[in-house]
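> Below is the structure I would like to discuss, written out as structure tokens.
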Amino acid sequence: MRNYGVYLLWLYLPKKTSLTVGRLGTFSCSQGVYAYAGSAQRNLQQRLDRHRRLEKKLRWHIDYFRQAAQFLGVTVFLGAPKDGECRLAARLLSLPGAVLPIKGFGASDCLCASHLVLLPDSKPDLVALGNAVHDVELGAAETFTLFDTGD
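First residue of the sequence shown: -16, per this note's numbering; consecutive thereafter.
Below is the structure:
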């Protein structure tokens, strides 16, 4: 199995929250469901396991956000190249009603507006959303969505 690719984390922020995101700053984040586009060019499974855990050294922007957000699931695009995360983030931002909550979030190594997107529906169909981004050409060998049954 390929151990690299890109992914979408599905996260739920249960209430409006003020978050400090490393050197990026402090932001007011609305309650709702968020998607985060990320990549791992090696050790994909370990990266996904890290995102599920709450106890860890805070390193990436998503680590700070994850401290307040519940993990709902992940859509994985095995074998997709690193720039696939940028294409996924752009596709999510193009969805009707999608909001860019924090400019530059997760995008310190690219020119994207953000890799974090606030979704318009408070109870979105994550499978449908995962399918909505399948029109993005990623060259993934396999795509699948896993849901969490508890945080």
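Just so it is clear, CB atoms sit at the ideal spot from N, CA and C, and this is done for glycine as well.
None of these values were measured; they are calculated from a predicted model.
Classify LYS(-2) as buried or exposed, calling it buried when 16 or more other Cβ atoms lie within 10 Å of its own Cβ.
Position 15 of the sequence shown, counted from the start, is the residue given in the question as residue -2. It counts as exposed.
> Here's the rule: buried if 16 or more other CB atoms are within 10 angstroms of the residue's CB, otherwise exposed. What is ARG49?
One-based indexing of the sequence shown puts residue 49 at position 66. With 16 or more Cβ atoms within 10 Å of its Cβ, ARG49 is classed as buried.
> Using DSSP with H/G/I as helix, E/B as strand and the rest coil, what is CYS93?
On the sequence shown, position 110 is the one that residue 93 refers to. Three-state DSSP puts CYS93 in coil, outside helix and strand.
> Which class does VAL116 belong to by DSSP, given the choice of helix, strand or coil?
What you label residue 116 is simply residue 133 of the sequence shown in a count that begins at 1. Residue state, collapsed to three classes: coil.
> What do you reckon, are the CB atoms on ALA73 and VAL100 nearer than 7 Å?
By one-based count along the sequence shown, residue 73 stands at place 90. By one-based count along the sequence shown, residue 100 stands at place 117. No, these two residues do not count as a Cβ contact at 7 Å.
> Applying the criterion that 16 or more other CB atoms from any shown protein chain within 10 Å of the CB defines a buried residue, is SER22 buried or exposed?
As a working note, residue 22 is residue 39 in the sequence shown. By the neighbour-count rule (16 or more Cβ atoms within 10 Å), SER22 is buried.
> Check this for me: beta carbons of GLY(-12) and PHE54, under 7 Å apart or not?
For the purposes of this step, residue -12 is taken as the residue at position 5 of the sequence shown. For the purposes of this step, residue 54 is taken as the residue at position 71 of the sequence shown. Taking 7 Å as the Cβ cut-off, GLY(-12) and PHE54 do not qualify as a contacting pair.
> Who are the near neighbours of PRO84 in its chain, counting only those whose CB is closer than 8 Å to its CB and skipping five residues on each side?
Stepping through the sequence shown from its first residue, residue 84 is reached at position 101. Around PRO84: PHE10, CYS12, SER13, TYR17, SER97, LEU99, VAL100 and LEU101.
> Hey, quick one: how far does the beta strand (DSSP E) through ALA20 stretch, first residue to last?
Reading the sequence shown from its first residue, position 37 is the one you call residue 20. Per DSSP, ALA20 belongs to the beta strand (DSSP E) from 15 to 23.
> Is the CB-CB distance between VAL116 and LEU71 below 7 Å?
On the sequence shown, residue 116 is found 133 positions in, with the first residue counted as 1. On the sequence shown, residue 71 is found 88 positions in, with the first residue counted as 1. Contact flag set, yes.
> Under three-state DSSP, which class holds ASP134?
One-based indexing of the sequence shown puts residue 134 at position 151. In this prediction, ASP134 has a pLDDT of 47, which is less than 50 and means its spatial position is unreliable; what the coordinates show is noted afterwards. The answer is coil: DSSP assigns ASP134 none of H, G, I, E or B.
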